[in-house]
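Asks: Structure in structure tokens, see below.
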Amino acid sequence: MKISFFSKMAWRNIKSNRKLYIPYSISSVLSVALFQMMASLMTNDFVRQRSSTLPTLFGMGTVVIGLFSVIFIFYVNSFLMKRRKKEIGLYSVLGLEKRHVAHILVIENIMVSGLSILAGILVGVLFGRLSFLFLNYLLNLPNAVGYSTSWGMTGVTALLFIGIFTLTLLYNIAQVTFSNPIRLLKGGKEGEKEPKSSPILFVIGVLSLGAGYYISLTIDNPISAISQFFIAVLLVIIGTYLLFTTGSIVILKALKRNKAFYYRPGPFISISGMLYRMKQHAVGLANISILSVMVIIAVSTTITLYAGTEETLNNRFPEENNLSIMTDDEMNSRELKSAIQTVQGDLNELSSDEGYTMTDQYFFRYVTLWGEMEGQTLAFKDFQGVSEIPLMVLIMPVDDYNRLAEDPVTLRGDELLYYAPDPDLERESLTLFDKAFDLKQINNMPGVMNGMSQLIDPILLVTPDDSTLDTIRAQYNSELAEYPVTLSADFFWSLESSQNSMAYASFIHEELRENDYPIGLFYESRDGNREEWYSTNGGFLFIGIFLGGLFTIGAVLITYYKQISEGYEDRERIQIMQKVGLDKETTRQATHSQILWMFTLPILTAALHTAFAYPIVQKLLLLFGITSNTLFLLTTIGVVMGYSLIYWIIYRITSKLYLNIVE
Amino acid sequence: MTFIDVKHLKKVYTSKLGSKGTEALKDVNFSVEKGEFISVMGESGSGKTTLLNILSTLDSATEGEVYLDDQPLSSIKDKKVSRFRREQLGFIFQDFNLLDNFTLKDNILLPLVLSRKAVDEMETALQPLVERLGIAHLLNNYPYEVSGGQKQRAAVARALITQPKVILADEPTGALDSKSSQNLMEILSDVHQNGQTIVMVTHSARAASYSSRVLFIRDGQVYHELYRGDKEPDAFIDSISKSLLVSSKGRV
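If you read the sequences in order, they're chains A and B. Start counting the first sequence at -1; every next residue gets the next number (my numbering). Start counting the second sequence at 59; every next residue gets the next number (my numbering).
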């Protein structure tokens, strides 16, 4: 009997407060759905099979979304409770005991949160499936990416949100219990205090953001970019939160001090309005900014990866057919040359027997050493367990260089051709193992070697003859006997364009599987790799767009809720001002400029972050073989513009909601 | 010289469904001289708040007209009405209607800011006013940091700063304790001595006793009025209370 009374009451409360509960439920449902989809991605087959780092990455993403959910639901709940305090105070005045009120709150919470969790999971499952279907159709990838709902993760989702909703319930009950009815009655009107600005936090924010930007701008090789990237991201996130919470207040207060500017209708209303609620809303704005950067980076990098697949293939495979050759310690460059020539002869014979014609054949031999520049001396040592990244030194004989380069060179016996990746490394002469060489500078590596030089920019040394190369290698091996280096070589060729490269590739694979050459052979064909690369990069694109969609929904959710809650807060203020003579037009102008600021600030911040993230992300893309700057630049600009457009549409819709509430 | 002239004012509230409306004002006639301090008294539902809303252009009459300084209020165009309210009228409300996001200073300056006055002009208008009202030391405080009486004095300052033709006060002492009420009424009385026209709606006979004339309104009509003349304040309260008593008896 009593239970049914309280449930009826709870249900009536929800119904009569539906203006507040509808946005609240929408927000809860979407938060649950977002988390559910993100968590399911972690156990997705595609993600697990492609790379071991992806599940970890999505694990981190899931934790971030989880934290967002906690913050967001508390924010949404505090707004709801503030509006309802009066009603709850009235219950106490009318004679309901606190435990009765708590009882009603519990039932309300069970109803709303239970429905939200169920609906959220349903939306997550359905939307996840539908969006995967849609994306598969849209992208038309060679291999469709499958969606699997992970019931384990769904359980985690349910538990997490039961936890969050229970916490908000406890918080609400505590608020009712520790407050008296009179204060509750006034609760909705209680003024928020003007926020204090902390210069120390502001400075920390500036430093943190600056450090993050600095890392991105000064990063010079992709290997360190991986580890530095997360540090930079963390610094920028901290900086963004601090600057939004403290910086906005500092700036607004400075504007307020400028009397000639402040005491005009538009700024007067909007600055005071923004300052008044900044404490609460700065976090929301920072969230929107960070989500926006995530959308932009996720989408633009994966589009670049996918669109740049052909470039990646060309960099990795200079010609259609690629044979990597490995030797043992014993073999010198002359022996290697003759071994390659034997293989080349055999391959030509086999190919023509099958009716294929090999074209554009060339090979080059090289050795890779790790060293350190000490003045005019290139010193070699054991870099095992040393944190600094050593200099990569590629050495090849001049005959092989001339086969690759456009302009052939001749070298004297004490002369080396030299390419320095960095102006700091440019030298006139160089000493290797106590022998001094004069250097002849070149400005570019041969194009064929792009694939070797994209991760670490190496030094290239070209020796005047084969024996100089052998001598250097021998000296290196005798000094660092533990890690002997061996000669390597790459052999490239193409086919006449009419011939079927795929069939040819499997034929060569078969032929080279068992052989008795003195050298190790590893054959790859460009066309054979194409499908795999497209499917992998397509999968990345897929996930990038999916994540972009999730983060966009998150950003929309926050802006939507912000506008609605601010609308309710501002309504009374605007009405008072209209009573003392504020006209409709000025109201519109002031609220428009206020909304506009609240909207442009996050998108501008996101654009700025993206601009500063550009160098480091570009370095990371090198790891995937994307060397073209223009592709990434154009994609990023396109994505920023596209996202701004979406954001602008959201702005139009939500500001209309806001104005409807206010007027 | 007649300053405000209220002629045959009628206000009917119609609900959306019913064709028959509620008559809040039946036929109200009175006039106010320049520099008069008028109190309007009546029971709840007598139509006094409706009357004040029409005087303050927040609501419009169904029939009849209000002239302020010979200008009919209904002739003011919608676009100009905010400006009119801002520049010609000053408001004092029962619940103060101060904005929590402004300091008292900014609350007081609000109408001037909306009129796009220059900053130094605002400051010169502000200073003597707040000193007179005894809130000069509170200018940088926020409304939630000061007492009810101080809030209402800030609201009075906001009403006065534009040097309006009329001050319209809606139960200004309604939310104040007796001491603050007395203080506020002394201030209003002082403002009145300086030549300000005031129209105040109130329940309180004590508050009404500060005015120069009291109008009694019942069932949408002015049915009685009392002039203070040169009565002592206590004597004036007595006659007001008697009139109120008669009015409620007459009803029962």
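Ideal placement from N, C-alpha and C gives every residue a C-beta, glycine not left out.
Count the other CB atoms, across all protein chains shown, that sit within 10 Å of the CB of A:ALA611; report buried if there are 16 or more and exposed otherwise.
Replies: The residue in question, A:ALA611, is buried, as its Cβ has 16 or more Cβ neighbours within 10 Å.
Asks: Determine which residues of the segment 239 to 260 of chain A have a Cβ less than 8 Å from any Cβ of chain B, and write them out in chain order.
Replies: Within the segment 239 to 260 of chain A, the residues whose Cβ lies closer than 8 Å to some Cβ of chain B are LYS257 and ALA258, listed in chain order.
Asks: Return the CA-CA distance between B:GLN129 and A:GLN587, expressed in angstroms with no decimal places.
Replies: So the two alpha carbons sit approximately 30 Å from each other.
Asks: Do we get a CB-CB distance below 8 Å when we pair A:PRO263 with the residues of chain B?
Replies: Yes, because at least one Cβ of chain B sits closer than 8 Å to the Cβ of A:PRO263.
Asks: When burial is assigned at 16 or more other CB atoms within 10 Å of the CB, is A:TRP531 buried or exposed?
Replies: With 16 or more Cβ atoms within 10 Å of its Cβ, A:TRP531 is classed as buried.
Asks: With DSSP as the reference, label A:PHE431 as helix, strand or coil.
Replies: If DSSP states are grouped into helix, strand and coil, A:PHE431 belongs with coil.
Asks: Distance cutoff 8 Å, beta carbons only. Does A:ASP586 sit that close to anything in chain B?
Replies: A small correction: the amino acid at residue 586 of chain A is Arg; Asp does not occupy that position in the sequence shown. Taking Cβ atoms only, chain B never reaches closer than 8 Å to A:ARG586, which makes this a no.
Asks: Kindly indicate which residue of B:GLU189, B:GLU81, B:ASN198 and B:ASN87 has the alpha-carbon position closest to the one of B:SER103.
Replies: A small fix is needed here, since residue 103 of chain B is Gly in this sequence, not Ser. Residue B:GLU81 is the option with its Cα nearest to B:GLY103.
Asks: Of the residues A:VAL99, A:THR216 and A:VAL204, which one's Cα is nearest the Cα of A:VAL174?
Replies: Per the Cα distances, A:VAL99.
Asks: Please classify A:TYR89 as buried or exposed, where buried requires at least 16 other C-beta atoms within 10 Å of its C-beta.
Replies: It is buried - the Cβ of A:TYR89 has at least 16 other Cβ atoms within 10 Å.
Asks: Chain B partners of A:LEU580, CB-CB under 7 Å?
Replies: Within 7 Å Cβ-Cβ: SER140 and LEU172.
Asks: Using a Cβ-Cβ cut-off of 8 Å, state whether A:ARG571 counts as contacting chain B.
Replies: True, the Cβ-Cβ gap to chain B drops below 8 Å.
Asks: Going by CA-CA distance only, name the one from A:HIS279, A:PRO600, A:LEU621 and A:LEU321 that's closest to A:TYR559.
Replies: Answer by Cα proximity: A:HIS279.
Asks: Do A:TYR145 and A:PHE125 have their CB atoms nearer than 8 Å?
Replies: Not closer than 8 Å, so no.
Asks: Using a cut-off of 8 Å between C-beta atoms, extract the partners of B:ASP164 located in chain A.
Replies: Correct list: PHE266 and SER270.
Asks: If I measure Cβ to Cβ from A:ILE601 and keep anything under 7 Å in the same chain, skipping five residues before and after, which residues do I get?
Replies: Correct list, in chain order: SER290, SER642 and TYR645.
Asks: Can you tell me which residues form a DSSP beta bridge with B:ARG276?
Replies: In the DSSP output, where bridge partners are listed per residue, B:ARG276 has B:GLN279.
Asks: Does DSSP put A:ALA403 in a helix, in a strand, or in coil?
Replies: Note: A:ALA403 maps to coil in three-state DSSP.
Asks: Under a CB-based cut-off of 8 Å, is A:LYS577 close to chain B?
Replies: Yes, its Cβ sits closer than 8 Å to a Cβ of chain B.
Asks: Taking the Cβ atom as the reference point for each residue, do A:VAL483 and A:TYR399 lie within a distance shorter than 8 Å?
Replies: In this structure, A:TYR399 does not lie closer than 8 Å to A:VAL483 by Cβ.
Asks: Thinking C-alpha only, which one of A:HIS507, A:LEU133 and A:PHE33 is nearest A:LEU158?
Replies: When only C-alpha atoms are compared, the closest one is A:PHE33.
Asks: Chain A partners of B:PRO169, CB-CB under 8 Å?
Replies: The contacting residues are VAL578 and GLY579.
Asks: Going by other Cβ atoms of all chains shown within 10 Å of its Cβ, with 16 needed for buried, is A:LEU168 buried or exposed?
Replies: Exposed, by the Cβ-count rule.
Asks: What does the alpha-carbon distance come out to for the pair A:GLU424 and A:TRP595?
Replies: Their Cα atoms are separated by approximately 50 Å.
Asks: Leaving out the 5 sequence neighbours to the left and right, which residues in its chain are closer than 6 Å to B:ASP117 when beta-carbon positions are compared?
Replies: Only ASN111 meet the Cβ criterion.
Asks: If you measure between the beta carbons of A:ILE517 and A:ILE202, is that distance less than 8 Å?
Replies: Not closer than 8 Å, so no.
Asks: The beta strand (DSSP E) that contains B:LYS68, what's its start and end?
Replies: From DSSP, the beta strand (DSSP E) with B:LYS68 extends over 60 to 71.
Asks: Cα-Cα, which of A:LEU348, A:ASP525 and A:SER465 is closest to A:GLU308?
Replies: For A:GLU308, the nearest C-alpha among the options comes from A:ASP525.
Asks: So who's on the other strand from B:THR255, going by DSSP bridges?
Replies: B:VAL224.
Asks: Using C-beta distances below 7 Å, list every residue in its chain close to B:LEU191, excluding the 5 sequence neighbours before and after it, in chain order.
Replies: These residues qualify, in order along the chain: ARG211, VAL214, ALA215 and ILE245.
Asks: Taking 6 Å as the limit between beta carbons, can you name the residues of its chain near A:THR375, skipping five residues before and five after?
Replies: Around A:THR375: THR429.
Asks: May I have the straight-line CA-CA distance separating A:MET(-1) from A:SER5, to the nearest angstrom?
Replies: Its pLDDT being 47, under 50, A:MET(-1) is placed unreliably by the model, and the measurement read from it follows with that caveat. Cα to Cα, A:MET(-1) sits roughly 10 Å from A:SER5.
Asks: Can you tell which of A:ILE288, A:LYS194, A:ASN42 and A:THR299 has the C-alpha that lies nearest to the C-alpha of A:GLN616?
Replies: When each option's Cα is compared against that of A:GLN616, the closest is A:THR299.
Asks: Within the same chain, show all residues whose beta-carbon is closer than 7 Å to that of A:ARG569, passing over the 5 residues directly before and after it, in chain order.
Replies: ILE659 and VAL660, listed in sequence order.
Asks: Nearer than 7 Å: is that true of the beta carbon of A:THR216 relative to any heavy atom of the ligand ADP?
Replies: The ligand ADP is not part of this structure, which contains no ligands at all.
Asks: I'd like to know whether the C-beta atoms of A:LEU691 and A:ASN527 end up nearer to each other than 8 Å.
Replies: The structure shown does not extend to residue 691 of chain A, since chain A is modelled only from -1 to 661, so the question has no answer here.
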